[in-house]
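Asks: Residue numbers (UniProt numbering): 1 to 541. All residues carry an ideal CB built from backbone N, CA and C; glycine is no exception. Just so you know, these numbers come straight off a predicted model, no measurement behind them.
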Amino acid sequence: MDRSGDIGPVDEEKAKGRGSHSPVPKTGTSSIVRIPEDANDEERPRGFLAKLLHYENVLDKKLGLEKHSVERRAPESRDPNFKATRKQFLMFLMWISSCSNLCCFATGFIGYEFGLDLKSFLLIMCFGNLLGCLLPGMCAVMGLKTGLRSCSMMRYSMGWYGSKLIALFNIIEQCGWTAVGSITGGLALSAVTDQAIGSALGVIILCVISLVLSLIGVKGVITYEQYSGIIYFIMFLIIYCQAGQHADFSKGHDFEGSNLTAGFLSVFSIMYASSASWGSIIADFYVDFPVKTPWYRTAGLTMLGIWFPTCFTMGIGAIAASALDNNPAWKDAYDDKSRGIGFLIQMMVHPMPFAKFLLTVLALSSLGMMSLSLYSIGVAIQQLGRPVGKVPRFIYTILGFVAVAGLGVIGSEKLIPYLVNFLSLLGYWATAYIMIVVIEHFVFRKGLKGFQMYNLEDWNDPSKLPVGYAGCAAFVLGLVGAVMGMSEAWHQGPLAKLIGSTDIINGKQAHYADLGNEACFTITVLVFFPARWLEYKIMKR
Numbered sequence: 001m002d003r004s005g006d007i008g009p010v011d012e013e014k015a016k017g018r019g020s021h022s023p024v025p026k027t028g029t030s031s032i033v034r035i036p037e038d039a040n041d042e043e044r045p046r047g048f049l050a051k052l053l054h055y056e057n058v059l060d061k062k063l064g065l066e067k068h069s070v071e072r073r074a075p076e077s078r079d080p081n082f083k084a085t086r087k088q089f090l091m092f093l094m095w096i097s098s099c100s101n102l103c104c105f106a107t108g109f110i111g112y113e114f115g116l117d118l119k120s121f122l123l124i125m126c127f128g129n130l131l132g133c134l135l136p137g138m139c140a141v142m143g144l145k146t147g148l149r150s151c152s153m154m155r156y157s158m159g160w161y162g163s164k165l166i167a168l169f170n171i172i173e174q175c176g177w178t179a180v181g182s183i184t185g186g187l188a189l190s191a192v193t194d195q196a197i198g199s200a201l202g203v204i205i206l207c208v209i210s211l212v213l214s215l216i217g218v219k220g221v222i223t224y225e226q227y228s229g230i231i232y233f234i235m236f237l238i239i240y241c242q243a244g245q246h247a248d249f250s251k252g253h254d255f256e257g258s259n260l261t262a263g264f265l266s267v268f269s270i271m272y273a274s275s276a277s278w279g280s281i282i283a284d285f286y287v288d289f290p291v292k293t294p295w296y297r298t299a300g301l302t303m304l305g306i307w308f309p310t311c312f313t314m315g316i317g318a319i320a321a322s323a324l325d326n327n328p329a330w331k332d333a334y335d336d337k338s339r340g341i342g343f344l345i346q347m348m349v350h351p352m353p354f355a356k357f358l359l360t361v362l363a364l365s366s367l368g369m370m371s372l373s374l375y376s377i378g379v380a381i382q383q384l385g386r387p388v389g390k391v392p393r394f395i396y397t398i399l400g401f402v403a404v405a406g407l408g409v410i411g412s413e414k415l416i417p418y419l420v421n422f423l424s425l426l427g428y429w430a431t432a433y434i435m436i437v438v439i440e441h442f443v444f445r446k447g448l449k450g451f452q453m454y455n456l457e458d459w460n461d462p463s464k465l466p467v468g469y470a471g472c473a474a475f476v477l478g479l480v481g482a483v484m485g486m487s488e489a490w491h492q493g494p495l496a497k498l499i500g501s502t503d504i505i506n507g508k509q510a511h512y513a514d515l516g517n518e519a520c521f522t523i524t525v526l527v528f529f530p531a532r533w534l535e536y537k538i539m540k541r
């Protein structure tokens, strides 16, 4: 990649030489109509949606909130506050907050559920998440260098209409992630109040707070993230100090042979997916950073910011899980689905008043992840089509809030099964997504030389973007491969059944191997590479 990232002049030269189409202004065209904030009453639109857009713009101007929505950020329109190197460390700090949460802590119990010993799980956790971090690291660089949101960026490999398929999957993913965050936070609030606040009410409370944060826009979300992460990290460090002494490194695996192999593969798939899934939205939050920010700093800070807190928090969860069989009271609290993970934490930390304080703080730890996801839901919906792009983002964010609250209430008593199935599904489509991006960038657009082969003026012009046949075919067929290899509670593919079983062994149920990511990776690469070459030869774009 070009370390300087100076893409402005290249864009101008390439735009001038493009066919008969007149060049688009640097900021690009947008499907969203923006009304001048200083318009006279006679000039103000009379339609309902137009009025909403007008008032949204007025609030944007007066409060300094989000005002660009999905438009491309040209290099000269970036936020000057992010030019200082110290400010760019927000790329690390914002993910500390988003990944230091009860959701990651609960994910640490998955190794126990699959019958793995503590040492093996910790190794799989570290390397699985490291592999998964490559996707958000690359997407962060692409978002910063191009000034495009995540779904808009996919137009350069999957075309105008294919990118809408990515937007749809993105909406589903973010709704699921936000629901998971609300469930863990809701269970914590329920524990703090001794169930005076039910888990369902706790879910709604968390959703409302995250809605307020996400409505503020990127600046508000980042401001919250840069300070809250340190607090949550300290809280989890306290849990480690009190629960770490109970870690059981002597306990072996519950399974052996092919059942153990299946457990390794399935847990690795979940660990990979938990980090890789950030790649689908991460570019949304990097478009304001200076385009000349070195790519290695962007990728390095992002990957470290996701990998370190994710592994640290999951590791604490795994340590607590390893002690369950030696602590009957902990085991009873964990198995009691009517109480949940919050009551378990309350039992691990002493004294009780301090445990309640700590749990109250940790109940809010999911807000960082939830606010990012709710914000991106609105951005993704706006990119489903020009008509929906005319509706203000906050309307879609509110609709996302309603959907998330419903999902959270329904799944509030099934956290671990929810995590296992949901995280695996995220990995499948993230794998197809990243392979299409990687091949397009490094093979067809010579990405090692920078971004010169991206005519960024064309980002909103369907006639100049790739038609997307190759990308759509590779994506869909890759997901077909994932279905053949997946091992979920509701479906076991024929490839998955080649390894493992569903027998009950040592009081625990074994599982088939989850080979969905491997199958998805293979098919996506085999389809996209030749199909994109053929598409370019025929369509010349």
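Decide if F354 is buried, meaning its Cβ has at least 16 other Cβ atoms within 10 Å, or exposed.
Replies: Working through the sequence shown from its first residue, we reach residue 354 at position 354. Result: exposed.
Asks: Kindly list the residues whose CB is nearer than 7 Å to the CB of Y454, restricted to its own chain and excluding five residues on each side of it in sequence; keep chain order.
Replies: Against the sequence shown, residue 454 aligns to sequence position 454. Correct list, in chain order: T146, Y156, R445.
Asks: Contact criterion: CB-CB distance below 9 Å. Does E535 meet it with respect to chain D?
Replies: Included in the structure is just one protein chain, with no chain D present.
Asks: Between the alpha carbons of Y428 and N517, how many angstroms are there, rounded?
Replies: Here residue 428 refers to the residue found at position 428 of the sequence shown. Here residue 517 refers to the residue found at position 517 of the sequence shown. Distance between the alpha carbons of Y428 and N517: 5 Å.
Asks: Which residues does DSSP list as the beta-bridge partners of Q492?
Replies: Within the sequence shown, residue 492 is the residue found at index 492, counting from 1. Beta-bridge pairing links Q492 to S487.
Asks: By DSSP's criteria, K292 is part of a beta bridge. Which residues make up the other side?
Replies: Numbered from its first residue, the sequence shown carries residue 292 at position 292. In DSSP, K292 forms no bridge with anything.
Asks: Does the Cβ of T310 have 16 or more other Cβ atoms within 10 Å, making it buried, or fewer, making it exposed?
Replies: On the sequence shown, position 310 is the one that residue 310 refers to. Flag for T310 reads buried.
Asks: Hey, would you say S210 sits closer than 9 Å to F401, going by beta carbons?
Replies: Here residue 210 corresponds to residue number 210 of the sequence shown, with the count starting at 1. Here residue 401 corresponds to residue number 401 of the sequence shown, with the count starting at 1. In this structure, F401 lies closer than 9 Å to S210 by Cβ.
Asks: Threshold first: 3 residues or longer. Then list the beta strand (DSSP E) segments lying entirely within the stretch 387 to 429, N to C.
Replies: As far as the stretch 387 to 429 is concerned, it has no whole beta strand (DSSP E) run of at least 3 residues.
Asks: Give me, in chain order, the residues of the same chain whose beta-carbon lies closer than 7 Å to that of T522; leave out the 5 immediate sequence neighbours on both sides.
Replies: The residue you call residue 522 lines up with position 522 of the sequence shown. Contacts found: G481.
Asks: Evaluate M539 with the Cβ neighbour count: other Cβ atoms within 10 Å of its Cβ, from every protein chain shown; 16 or more gives buried, anything less gives exposed.
Replies: Indexing the sequence shown from 1 puts residue 539 at position 539. So M539 ends up on the exposed side.
Asks: On the three-state DSSP scale, how would you describe I341?
Replies: Along the sequence shown, read from residue 1 onward, the residue named residue 341 stands at position 341. Three-state DSSP puts I341 in a helix.
Asks: Please classify N129: is it buried, with 16 or more other beta-carbons within 10 angstroms of its beta-carbon, or exposed?
Replies: The residue you call residue 129 lines up with position 129 of the sequence shown. That one is buried.
Asks: From the DSSP output, in three-state form, read off K145 for me.
Replies: The count along the sequence shown starts at 1 and reaches residue 145 at position 145. Three-state DSSP puts K145 in a helix.
Asks: Do you know how far the Cα of V267 is from the Cα of Q174?
Replies: For this step, residue 174 is matched to residue 174 along the sequence shown. For this step, residue 267 is matched to residue 267 along the sequence shown. Using only the alpha carbons, I get a separation of about 22 Å.
Asks: Per DSSP, what kind of secondary structure is G500 in: helix, strand or coil?
Replies: As a first step, residue 500 is located in the sequence shown; it is residue number 500 there, counting from the start. Three-state result, G500: strand.
Asks: Can you look up I281 in the DSSP assignment and give me helix, strand or coil?
Replies: Locating residue 281 in the sequence shown gives position 281, counting from the first residue. If DSSP states are grouped into helix, strand and coil, I281 belongs with coil.
Asks: Once the 5 residues before and after S381 are set aside, which same chain residues still bring their CB inside 7 Å of it?
Replies: As a working mapping, residue 381 is identified with position 381 in the sequence shown. Rather than Ser, the amino acid found at residue 381 in this sequence is Ile. I171, V388, Y396, listed in sequence order.
Asks: Measure the Cβ-Cβ separation of L237 and G185 and say whether it is below 9 Å.
Replies: Taking the sequence shown and counting its residues from 1, the one referred to as residue 237 is at position 237. Taking the sequence shown and counting its residues from 1, the one referred to as residue 185 is at position 185. No, the Cβ-Cβ distance between L237 and G185 is not below 9 Å.
Asks: Note down, in chain order, each residue of its chain lying with its Cβ closer than 7 Å to the Cβ of M484, except the 5 sequence neighbours on either side.
Replies: Start at 1 with the first residue of the sequence shown, and residue 484 comes out as number 484. Same-chain partners within the cutoff: G493, P494, L495, A519.
Asks: Between which residues of its own chain and K414 is the CB-CB distance below 8 Å, once the five residues before and five after are set aside?
Replies: Indexing the sequence shown from 1 puts residue 414 at position 414. Result list for K414: K337, in chain order.
Asks: Which residue's Cα is closest to the Cα of A432: A403, G468, E457, C472?
Replies: The count along the sequence shown starts at 1 and reaches residue 432 at position 432. Of the listed residues, the one whose Cα sits closest to A432 is C472.
Asks: Measuring CA to CA, which of M153, C139, V70 is closest to G468?
Replies: Counted from its first residue, the sequence shown places residue 468 at position 468. If we check each option's Cα against that of G468, M153 comes out closest.
Asks: By Cβ distance below 7 Å, which residues in the same chain neighbour R393 in space, the five residues on each side in sequence not counted?
Replies: Your numbering for residue 393 matches position 393 in the sequence shown. Taken in chain order, the residues that qualify are S69, G378, V379, Q382.
Asks: Look at the alpha carbon of G450 and the alpha carbon of R149, and state the distance between them as a whole number of angstroms.
Replies: In the sequence shown, residue 450 corresponds to position 450, counting from 1. In the sequence shown, residue 149 corresponds to position 149, counting from 1. Those two C-alpha atoms are separated by around 18 Å.
Asks: Are the beta-carbon atoms belonging to V221 and G368 less than 9 Å from one another?
Replies: The residue labelled residue 221 in the question sits at position 221 within the sequence shown. The residue labelled residue 368 in the question sits at position 368 within the sequence shown. Yes, Cβ-Cβ distance for V221 and G368 is below 9 Å.
Asks: Please list the terminal residues of the continuous alpha helix (DSSP H) segment that includes N517.
Replies: Position 517 of the sequence shown, counted from the first residue, corresponds to residue 517. Element bounds for N517: 516 to 539.
Asks: Between M271 and G132, which are expected to be in contact by the criterion C-beta below 8 Å, what is the C-beta distance as a whole number of angstroms?
Replies: By one-based count along the sequence shown, residue 271 stands at place 271. By one-based count along the sequence shown, residue 132 stands at place 132. At roughly 7 Å, the Cβ-Cβ gap stays under 8 Å, so M271 and G132 are in contact.
Asks: Quick test of your reading: I246 and D117, contact by CB under 8 Å. State the CB separation rounded to the nearest angstrom.
Replies: As a working mapping, residue 246 is identified with position 246 in the sequence shown. As a working mapping, residue 117 is identified with position 117 in the sequence shown. Checking the sequence, you will find His at residue 246 rather than Ile. Contact flag wrong, Cβ pair sits at about 15 Å.
Asks: Starting from the Cα of I282, find the closest Cα among N81, M94, A84 and give me that residue.
Replies: Translated into the one-based positions of the sequence shown, residue 282 becomes position 282. Checked all of N81, M94, A84; the closest Cα to I282 is M94.
Asks: Is D514 closer than 9 Å to A262 when the C-beta atoms are compared?
Replies: As a first step, residue 262 is located in the sequence shown; it is residue number 262 there, counting from the start. As a first step, residue 514 is located in the sequence shown; it is residue number 514 there, counting from the start. Yes.
Asks: Identify, in the order they occur along the chain, each residue of the same chain with its Cβ nearer than 6 Å to the Cβ of A39, setting aside the five sequence neighbours on each side.
Replies: Taking the sequence shown and counting its residues from 1, the one referred to as residue 39 is at position 39. Note that A39 scores a pLDDT of 46, beneath 50, so its modelled location is shaky; the value from the coordinates is reported in the next line. Taken in chain order, the list of residues that qualify is empty.
Asks: What does a CB cutoff of less than 8 Å around C104 pick up in its chain, not counting 5 residues either side in sequence?
Replies: Mapped onto the sequence shown, residue 104 falls at position 104. Here the set comprises S274, P309, T310, T313, M314, G317.
Asks: How would you write the range of the alpha helix (DSSP H) that R445 sits in, first residue to last?
Replies: Translated into the one-based positions of the sequence shown, residue 445 becomes position 445. First-last for R445: undefined, no H or E at that position.
Asks: Whole angstroms are fine: how far does the CA of G257 sit from the CA of S501?
Replies: Mapped onto the sequence shown, residue 501 falls at position 501. Mapped onto the sequence shown, residue 257 falls at position 257. One C-alpha to the other measures close to 11 Å.
Asks: Would you give the residue range spanned by the alpha helix (DSSP H) that W459 belongs to?
Replies: Here residue 459 is taken as the residue at index 459 of the sequence shown, counted from 1. Unbroken run through W459: none, as it is neither H nor E.
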